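Asker:
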Amino acid sequence: MIELQDVTVAFNGERAALRQVSVAIGRGEFVYIVGPTGAGKSTLLRLLYCDAKPTSGSVVVDGQRLGEMRAADIPRLRRRMGVVFQDFGLLPDRNVYENVAFALRVIGAGRRRIRRNVPDVLELVGLIHRPDAFPRELSGGEQQRVAIARALVNDPPLLLADEPTGNLDPDTSLGIGDVLDRVNDLGTTVVVATHDKHMVDTIRKRVIEIGNGRIVRDEPEGAYDGRAPVSG
Amino acid sequence: MRWSSAVFLCEEAAKSIRRNGLMSLAALSTVTIALAVFGGSLFGLYRLHQFVAAQPTQFQIAVFLSVELPRSGVAEIERQVRGIPGVSDVSLVTKEAALAELCEQDRQRGTQVVAALAGANPLPDRLDVHVTAPERSPEVATALKDRRRFPGIECVRDERDVLETLLATSRLVRNVGGTVAILLFLATGVVIQNTLRLTVLARKNEIAVMRLVGAAPSFIRMPLILEGVFYGVAGGIIAAAVVQFAASQSSRYIGKFQTPIAQGLPPAPGVGTVFALLAASGLALGIVTSVLSVRRFLK
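Chain order of the listed sequences is G and W.
Numbering follows this note's numbering, with no gaps: position 120 of the first sequence is 120.
One rule links them: number in this note's numbering = place in the second sequence (from 1) + 232.
(1) Within a Cβ cutoff of 6 Å, which residues of the same chain sit near G/D218, ignoring the five residues on either side of it in sequence?
(2) Along the chain, where does the beta strand (DSSP E) containing G/Q5 start, and where does it finish?
(3) With a threshold of 7 Å on Cβ separation, who are the neighbours of W/T431 within its own chain once the five nearest residues in sequence on each side are excluded?
(4) When the Cα of G/F88 is compared with those of G/R78, G/R204, G/N99, which residue comes out closest?
(5) Enumerate in chain order the residues of its own chain whose CB-to-CB distance from W/T401 is below 8 Å, with the five nearest sequence positions on each side excluded.
(6) What is the rounded straight-line gap between the Cα of W/V405 and the Cα of W/A479?
(7) Taking the beta carbon of G/Y32 as the centre, do at least 16 other beta carbons fall within 10 Å, making it buried, or is it exposed?
(8) Please report how far the alpha carbon of G/D178 lies from the alpha carbon of G/I203, in whole angstroms.
(9) Looking at the strands, I want to know which residues DSSP matches up with G/S205.
(10) Ignoring anything shorter than 3 residues, give me the beta strand (DSSP E) runs that lie fully in the region 367-438 of chain W, in order along the chain.
(11) When you compare the CB of G/D154 with every CB in chain W, is at least one pair closer than 8 Å?
(12) By the three-class DSSP mapping on this structure, what secondary structure does G/F233 have?
(13) Compute the Euclidean distance between the alpha carbons of G/L47 and W/G514, then round it to the nearest angstrom.
(14) So the beta strand (DSSP E) W/Q292 belongs to, where does it begin and stop?
(15) With a cut-off of 8 Å on the beta carbons, I'd call W/V263 and W/Y463 a contact; round off their distance for me.
(16) Measuring CB to CB, does G/Y49 end up less than 8 Å from G/R78?
(17) Please list, in chain order, the residues of the region 428-462 of chain W that have any C-beta partner in chain G closer than 9 Å.
(18) So for W/L324, helix, strand or coil by DSSP?
(19) Going along chain G in order, which residues have a C-beta closer than 8 Å to the C-beta of W/S237?
(20) For a test of the three-state rule: what should DSSP assign to W/Y278, helix, strand or coil?
(21) Rounded to whole angstroms, how far is the Cβ of G/T153 from the Cβ of G/V118, which I believe are closer than 8 Å?
(22) Out of G/P156, G/E3, G/T194, point me to the one whose CA is closest to G/L168's CA.
(23) Would W/F529 pass as an interface residue toward chain G - the criterion being a Cβ-Cβ separation below 8 Å?
(24) According to DSSP, is G/D62 part of a helix, a strand, or is it coil?
(25) Between the region 65-91 of chain G and chain W, which residues of the former have a C-beta closer than 7 Å to a C-beta of the latter?
(26) By the 10 Å Cβ neighbour count, where 16 or more other Cβ atoms means buried, how is G/V230 classified, buried or exposed?
(27) Helix, strand or coil for W/T343? Go by DSSP, reduced to three states.
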């Protein structure tokens with residue numbers, strides 16, 4: 001699904017955010033990207049959704065070589081992935097249903113598809129009972145569920161989440177982790193950049209640790225701080 | 233494009249026009265004023281052009297003959313006038329025919345001039361002299377005013393002064409109206425651009441989400457372009473109504489003064505033409521400004 005080969009990213013001649021990074025993530029995997037602030041986690045995700053370009057090396061996502069991709073082809077690639085951020089990015093003047101449907105309407109989806117997909121994805125994230133609520137009426141966890149629903153409503157094979165639990169308390173974070181795990185169980189590849197030790201240590205998945213722009217650890221079912229006893 | 237997508241784009245444009253409130257109103261009123269001045273100038277210029285174009289066929293010099301002149305003398309002067317270079321035709325209007333003309337004018341205007349004459353006819357015989365081209369009329373008029381050559385001519389009246397005033401007015405309307413219209417067009421462009429810039433800021437979140445979920449760039453731009461087109465077309469239609477109202481009021485006013493020079497003027501452009509022209513100008517202004525704004529603000 002994702003393959004990075006010797007990828008270096010440097011912005012305006014500054015110190016490289018990523019240096020000689022090589023990693024492969026298979027279809028249907030769930031991967032945490034961990035590391036201190038400024039290590040390069042978000043840059044790695046930005047590369048994947050074409051918000052940053054590699055200075056050198058190759059990035060392949062879903063069979064597409066991104067470095068050589070024309071700007072006009074980026075929207076088509078982005079329809080094949082969902083992206084979730086720490087600040088949710090919901091539209092305050094639209095309710096839950098409209099926020100989720102918005103992602104389909106702007107890519108020209110028909111009404112029938114919208115009527116079918118939106119309830120399905122709201123069911124998946126556990127918000128089928130609140131379609132008429134506005135973002136201001138929702139808790140942080142519920143808002144993030146709406147953001148996840150919006151990212152998934154187009155049935156993308158890849159979900160990228162950049163600090164999805166950064167604004168949430170530990171229990172709510174775990175709820176979001178469970179939603180992401182459920183999404184992954186349905187076959188979607190999930191890549192989560194996070195600082196959330198509790199979630200990483202509780203919902204055990206592959207962990208890739210980045211430090212100073214390099215991959216310093218890559219272990220299956222890893223813990224946030226390296227090898228730790230598997231809970232339960 | 234699907235029907236539902238077209239509806240969605242229109243809804244988004246309408247939402248942003250409502251959200252911009254006062255700024256939208258400012259954009260709309262500026263477009264209206266600019267197009268009203270533009271349309272008004274164009275309308276006035278076109279009418280003047282119509283008038284000037286009609287002159288070669290209707291321009292004439294009225295030559296009033298001495299009342300003591302016998303009919304044979306009238307015929308001799310008519311023969312001599314025909315020989316003046318630049319004269320295309322001469323027609324005699326006898327004092328009896330002139331009185332009949334005056335009666336007809338009384339009837340049309342509701343005046344009582346002929347009745348006041350109490351049966352007398354003080355009118356002289358008149359020669360209506362047509363020239364081959366309007367620019368020949370000064371030399372023809374000068375020749376006719378030569379007292380030694382034409383002692384039987386009492387008075388020569390041509391519409392040269394009126395024509396020259398109208399031509400000067402035409403130039404003034406063209407220059408001032410054109411300059412004001414261009415300046416207002418530029419100002420309108422700036423106001424529409426600022427409004428769309430506010431729209432881009434207000435829609436920052438929507439635009440970010442649209443980009444993230446893979447909306448085509450044209451789909452992201454379209455609500456902004458529709459908004460610009462709305463300002464242009466709506467402003468054009470309101471401006472057309474203003475121009476049409478002003479034109480009808482001014483023709484009603486001018487119609488009160490029947491002058492020989494105004495006779496034979498072709499009819500004014502129709503309501504449909506004025507609306508179509510100004511709506512099309514507004515559409516062009518809206519499209520050009522919004523496309524430039526989108527290129528500038530939506531990089």
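For glycine and all other residues, C-beta sits at the position ideal for the given N, C-alpha and C.
Every value quoted in this text rests on a predicted model; they were computed, and no experiment measured them.
Answerer: Once the coordinates are examined:
(1) I208
(2) 2-9
(3) S248, N252, L456, E459
(4) G/N99
(5) L280
(6) 15 Å
(7) buried
(8) 8 Å
(9) First, the amino acid is wrong: residue 205 of chain G is Lys here, not Ser. The partner list for G/K205 (beta bridge, DSSP) reads G/G222.
(10) 385-389
(11) In the sequence under discussion, the amino acid at residue 154 of chain G is Asn, which differs from the Asp named in the question. Yes, G/N154 counts as interfacial toward chain W.
(12) Since the first and last residues shown for chain G are 1 and 232, residue 233 of chain G lies out of range.
(13) 43 Å
(14) 292-297
(15) 5 Å
(16) yes
(17) N437, E438, A440, V441, M442, R443, L444, V445, G446, A447, A448, P449, F451, I452
(18) strand
(19) R105, G108
(20) helix
(21) Going by the sequence as given, residue 153 of chain G is Val instead of Thr. Between G/V118 and G/V153 the Cβ distance is about 6 Å, and since that is below 8 Å, they are a contact.
(22) G/T194
(23) no
(24) coil
(25) P75, R76, R78, R79, V83, G89, L91
(26) In this prediction, G/V230 scores a pLDDT of 49, lower than 50, which makes its location untrustworthy; the coordinate-derived value is nonetheless stated afterwards. The residue in question, G/V230, is exposed, as its Cβ has fewer than 16 Cβ neighbours within 10 Å.
(27) coil
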